[in-house]
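Asker: Encoded as structure tokens, here's the structure I'll be asking about.
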Amino acid sequence: MLKNDQLESWDRDHFFHPSTHLAQFARGELAQRVISSGEGVYIKDREGNKLLDAFAGLYCVNVGYGRQEIATAIAEQAKELAYYHAYVGHGTEASITLSKMIIDRAPKSMSRVYYGLSGSDANETNIKLVWYYNNVLGRPQKKKIISRWRGYHGSGLMTGSLTGLELFHKKF
Numbered sequence: 071m072l073k074n075d076q077l078e079s080w081d082r083d084h085f086f087h088p089s090t091h092l093a094q095f096a097r098g099e100l101a102q103r104v105i106s107s108g109e110g111v112y113i114k115d116r117e118g119n120k121l122l123d124a125f126a127g128l129y130c131v132n133v134g135y136g137r138q139e140i141a142t143a144i145a146e147q148a149k150e151l152a153y154y155h156a157y158v159g160h161g162t163e164a165s166i167t168l169s170k171m172i173i174d175r176a177p178k179s180m181s182r183v184y185y186g187l188s189g190s191d192a193n194e195t196n197i198k199l200v201w202y203y204n205n206v207l208g209r210p211q212k213k214k215i216i217s218r219w220r221g222y223h224g225s226g227l228m229t230g231s232l233t234g235l236e237l238f239h240k241k242f
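If you read the sequence shown in the numbering used here, its first letter stands for residue 71, the second for the next number, and so on.
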């Protein structure tokens with residue numbers, strides 16, 4: 071196992087962290103933590119500190135860490151087909167079956183599922199869907215999106231622009 075100081079050095083030299091001032095990070099002026107594991111709502115760093123992950127893995131760990139049944143299901147699916155895109159009508163048995171299961175449990179007004187990779191991706195896709203909808207209705211000029219100051223909408227180009235947090239604008 072690598073020593074913490076070696077990992078931290080490699081981290082500063084080789085890892086591009088989002089929303090981080092690269093020069094300050096490389097000089098060691100910004101906080102650095104190497105996370106080693108997670109269980110339930112807690113994460114543990116390489117120093118052995120157990121911390122509540124109040125961000126849920128930046129909003130992507132909605133069922134907690136260390137769920138063996140989820141790890142097993144992921145491993146089994148990866149043996150069969152780890153990934154395939156859904157563009158131009160392509161689907162997989164797993165994605166189609168999951169979509170049906172979700173819709174069966176969803177409010178009656180819902181009829182389709184879209185899978186994204188993150189909240190940023192989901193928000194960017196929603197904006198594109200709204201624009202598409204307005205184009206279909208003959209209103210292509212309706213492109214304006216309003217967001218709230220101090221609201222977080224993602225770290226993509228569009229969603230970062232909508233995010234009302236100085237960190238996402240000041241250095242970019």
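Glycine included, each C-beta is placed from N, C-alpha and C at the ideal position.
1) Pairing CB atoms from the segment 219–228 with CB atoms from the segment 174–193, are three or more of them under 8 Å?
2) Suppose the cutoff is 6 Å on Cβ atoms and the five residues either side in sequence are ignored; what does the same chain contact list for Phe125 look like?
3) CA-CA distance, Lys73 and Val104?
4) Does the count of Cβ pairs from the segment 205–217 and the segment 162–177 closer than 8 Å reach three?
5) Compare the beta carbon distance of Val111 and Tyr129 with 9 Å and say whether it is the shorter of the two.
6) If you drop the 5 nearest sequence neighbours on each side, which residues of the same chain put their C-beta closer than 8 Å to that of Met180?
Answerer: Result, derived from the coordinates:
1) yes
2) none
3) 11 Å
4) no
5) no
6) Ile173
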